[in-house]
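Here is the structure we will look at, set down as C-alpha cells.
Residue numbers (this note's numbering), protein chains in the order written: chain A, 13 to 304; chain B, 13 to 304.
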C-alpha cells in the first residue's frame, strides 16, 4: 500500500502537490491549521511540526510509506533572513528520524534555487556550487545534507527538489507575479530595474505535478524544479502587463538593481526531465493566460 | 573582555584546543563529564549539550564572546554511520541560536575532511565539492550551512574548520595510529592494503593550536586543518613501525582496499596558512618521535 504524507499541504506549493497526488494512493496532509484546500479525499491532520512530540506522534499514527516535506517558513519577504529557517531545519531532522523509524521508504524534500552559488550558466544539480546568500538558502542546504545523512542511516530512498521561482494560483499577494498583476490592473506605473536579470519561473501547478512525479519515482539525489525556459525579467514583466492590458506601465531602468542580485538564476532541467513519467511545465505566457 | 567557551573540551581535539587557549582570555569548557584534562585555569561546566535546556542555560550563564564548538559524536568506528550525528546537528543549531541571542561575536565550528567529495587533488575549501559519503560527513556539512545561516542572521563572525586526520596524545586506542603503535610494539605482523592511498595526518596539538589561532582571528569561512604534507599511507605506517622497532611487520598488499575508499584525501593549506598568526604544523616523523 502507498500511504503518502504531505507536510505544508495548505501552503502555496503544498496544495498543488496534494492536487497532483490525488490518485496516487492513500493521501494524508498535515499542517498547523488544516483547511479545505487541495484535493478532495485527503485525510487532514492538525499538528505543529515545530513541536518535536507532535511530529513523532503524527508520523507514528500515519506510518507513511512516502513523505513529501513541503512545510517551511514562508512569510513573504521576511522568510529569507528569518531565524525560523533554523527551527524548520531542526523540525526537519526530527521528521526524518521519525519517518525512518516508522519504516518509511521514500522521502522528497522541497529545497530552493537559493541554495546555489551565482553562476553565469544554468544551475546543474551536482555541478553548480552550493553557496547560499540567505538564512533561508543555508537552512535548506543544511536540510539537504540532513536528508542524505538520514537516508544513508535508515536506508530509505530520498530526493531533494530545488524549486526555482513558482507563480500561479494561491501565490501570496505580496509576491512578485501577483503584485505586478494587481498593479497593472490598477493602471499603476511601476519603476523597475533594467530587467535584464535572467530568471526561471515555474507555474506552481506544474511544479506540484513535477514534485508528485519525483516523489512517486525512485530517482535519488537533487533535482531542479523549474521551467528550463529562463527569460529576462523584463520579458516576464511585459508578458504579465500584456495579459492584463497594462502595456507600457513598467518603467525599466528607473531603479538600480538590488546589491548582490545575481544576473542569472536558471535551471538546467536535464536531470529532472530524465525521470520516467516526469511531466513538462507549460510556457510562461500560456500559463499566464490560463491563470487569468 | 574575551570569554571563550570550548565545547567537547574533554574530547581528543577539544583538550588540545583548551591547552592552546590557556592564555587567550577567560576560558570555559563544557562537557557531560568534565574531567581535569587540558589546561589549568579552565572554568569547567557540566552539561549535556544534547539537552536543549542545558545548552541555553550554560550559554546564558557564561555569555561567551568566543565559542569553539568541538563537541560531537566521536565513538571510534561507529561514529561515521551513527544517527547521533543528526542529534548533534540539532544541538548545534540550538547552540548557535543561544550564542547569537547572548551577544556572542565569534564562532568556530569543527568540521571534517569527510565533507569533501573524493578528488584527485588536494581539497580547496571553496572549490572542492561538498559530497560526503557518511552520515557523519553529511551532518557536519549540514552544520556548516547552519553556522553560516545563524552568523548571517545574528551578525556574528564565523569560521568552519575541516580537520583532516588527527593523531597524537589522547587519541582513542582503537584509532589507526595508536592501534598501529600497539601492534608493532607487540611484534604483530599486520596484513594491510597496498598503502598507496594519500592521506593528510595532523598532530592533534598542532591542530589544537591552529584551531585556537583561527578562533582568535576574524577570518570568516571554511578552513582546512591538516599538515599540508599529505603522504602515502604506506609511508606513514613505515614511519610508525620504524619509531617503535617494528620494521617489516606491515604486510602491504595482503588485503584489498575497502570499497569506496578515496585514493586521495589531502588538504590544500593555502587559505589557512594565510590567517595572521597561524602556527605551522610539524612533520609527521618528528611529531611521532616527540610523542613516543
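The beta-carbon is built from N, C-alpha and C at its ideal position, and this holds for glycine as well.
Could you have a look at residue 217 of chain B and say whether DSSP puts it in helix, strand or coil?
Here residue 217 of chain B sits in helix by DSSP.
Could you spell out where the alpha helix (DSSP H) holding residue 178 of chain B opens and where it closes?
No alpha helix (DSSP H) holds residue 178 of chain B; the beta strand (DSSP E) holding it covers 177-179.
Ordered along the chain, which non-local residues of its own chain (more than five positions away) have a Cβ less than 7 Å from that of residue 47 of chain B?
Around residue 47 of chain B: 22.
Using Cβ-Cβ distances below 9 Å, what residues of the stretch 92-115 of chain A are close to chain B?
Of all residues in the stretch 92-115 of chain A, 93, 94, 95, 97, 98, 99, 101, 102, 105, 106, 108, 109 and 112 have a Cβ within less than 9 Å of some Cβ in chain B.
Would you call the CB atoms of residue 82 of chain B and residue 135 of chain B closer than 8 Å?
Cβ atoms of residue 82 of chain B and residue 135 of chain B: not closer than 8 Å.
Return the CA-CA distance between residue 142 of chain B and residue 25 of chain A, expressed in angstroms with no decimal places.
Taking the straight line from one Cα to the other gives about 28 Å.
Closer than 7 Å by beta-carbon distance: list the chain B residues that pair up with residue 297 of chain A, in chain order.
In chain order: nothing, as chain B lies at least about 37 Å away.
Out of A/242, A/297 and A/19, state which residue places its alpha-carbon closest to the alpha-carbon of residue 120 of chain A.
Comparing Cα-Cα distances from residue 120 of chain A to each of A/242, A/297 and A/19, the minimum goes to A/19.
In this structure, what does DSSP give as the bridge partners for residue 42 of chain B?
Bridge partners of residue 42 of chain B: B/19 and B/57.
Scan the stretch 140-154 of chain B for residues whose Cβ lies nearer than 9 Å to a Cβ of chain A and list them as they occur along the chain.
Result list: 141, 142, 143, 144, 145, 146, 147, 148, 149, 150, 151, 152, 153 and 154.
Here's the rule: buried if 16 or more other CB atoms are within 10 angstroms of the residue's CB, otherwise exposed. What is residue 209 of chain B?
Residue 209 of chain B should be labelled buried.
In this structure, does DSSP put residue 172 of chain B in helix, strand or coil?
Residue 172 of chain B: strand per DSSP, three-state reduction.
In the stretch 158-176 of chain B, which residues sit with their C-beta less than 7 Å from some C-beta in chain A, listed in chain order?
Residues passing the 7 Å Cβ filter: 158, 160, 161, 162, 164 and 165.
So the beta strand (DSSP E) residue 235 of chain A belongs to, where does it begin and stop?
Unbroken beta strand (DSSP E) run through residue 235 of chain A: 233-237.
Could you pull out every unbroken alpha helix (DSSP H) segment of at least 4 residues lying fully inside the stretch 106-143 of chain A, listed in chain order?
If we require 4 residues or more, the stretch 106-143 of chain A turns out to have no alpha helix (DSSP H) run fully inside it.
Under 8 Å between the Cβ atoms of residue 130 of chain A and residue 205 of chain A?
The answer is no: Cβ separation not under 8 Å.
If you follow the beta strand (DSSP E) that residue 62 of chain B is in, where does it begin and where does it stop?
It is not in any beta strand (DSSP E) - residue 62 of chain B carries neither H nor E in the DSSP assignment.
Spatial neighbours of residue 98 of chain B within its chain, please: C-beta separation below 6 Å, excluding the five flanking residues on both sides.
Only 151 meet the Cβ criterion.
Please list the terminal residues of the continuous alpha helix (DSSP H) segment that includes residue 25 of chain A.
Counting along the chain, the alpha helix (DSSP H) containing residue 25 of chain A begins and ends at 24-32.
Where does residue 155 of chain B fall in DSSP's three states?
Helix, per DSSP.
Here's a check: name, in chain order, each residue in its chain whose Cβ is nearer than 8 Å to the Cβ of residue 291 of chain B, leaving out the five neighbours to either side.
Once the five neighbours on either side are set aside, the close Cβ partners of residue 291 of chain B are 218, 221, 222 and 225.
Would residue 216 of chain B and residue 180 of chain B qualify as a contact pair, given that the criterion is a beta-carbon distance under 8 Å?
Taking 8 Å as the Cβ cut-off, residue 216 of chain B and residue 180 of chain B qualify as a contacting pair.
Ends of the alpha helix (DSSP H) at residue 80 of chain A?
Segment 78-81 is the beta strand (DSSP E) holding residue 80 of chain A; no alpha helix (DSSP H) there.
Within 10 Å of its beta-carbon, does residue 249 of chain B have 16 or more other beta-carbons around it, so buried, or fewer, so exposed?
Its Cβ being crowded by 16 or more others within 10 Å, residue 249 of chain B is buried.
For the alpha helix (DSSP H) containing residue 259 of chain B, list its first residue and its last residue.
Taken as a continuous stretch (DSSP letters only), residue 259 of chain B belongs to no alpha helix (DSSP H), as it is neither H nor E.
Using a threshold of 8 Å, state whether the C-beta atoms of residue 109 of chain B and residue 76 of chain B are closer than that.
Result no, Cβ atoms of residue 109 of chain B and residue 76 of chain B do not sit closer than 8 Å.
At the level of alpha carbons, what is the spacing between residue 44 of chain B and residue 145 of chain B?
Rounded to the nearest angstrom, the two C-alpha atoms are 29 Å apart.
Do residue 169 of chain A and residue 236 of chain A have their beta-carbon atoms positioned less than 8 Å apart in this structure?
No, they are not a contact pair.
If I follow the unbroken alpha helix (DSSP H) through residue 281 of chain A, where does it start and stop?
First-last for residue 281 of chain A: undefined, no H or E at that position.
Is it the case that the Cβ atoms of residue 133 of chain B and residue 174 of chain B are separated by a distance below 8 Å?
Their beta carbons are not under 8 Å apart, which means residue 133 of chain B does not touch residue 174 of chain B by this criterion.
Indicate whether residue 165 of chain A and residue 62 of chain B have their beta-carbon atoms separated by less than 8 Å.
No; because the gap between Cβ atoms is not below 8 Å, this pair is not in contact.
Could you pull out every residue in the same chain whose Cβ sits closer than 8 Å to the Cβ of residue 106 of chain A, ignoring the five residues on either side in sequence?
Cβ neighbours of residue 106 of chain A beyond the five flanking positions: 64, 67 and 68.
Residue range of the alpha helix (DSSP H) that residue 13 of chain A falls in?
Residue 13 of chain A -> no alpha helix (DSSP H), and no H or E assigned at all.
Using the three-state DSSP reduction, which class does residue 190 of chain B fall into: helix, strand or coil?
Helix.
If the criterion is Cβ atoms closer than 8 Å, does the pair residue 278 of chain A and residue 242 of chain A meet it?
In this structure, residue 242 of chain A lies closer than 8 Å to residue 278 of chain A by Cβ.
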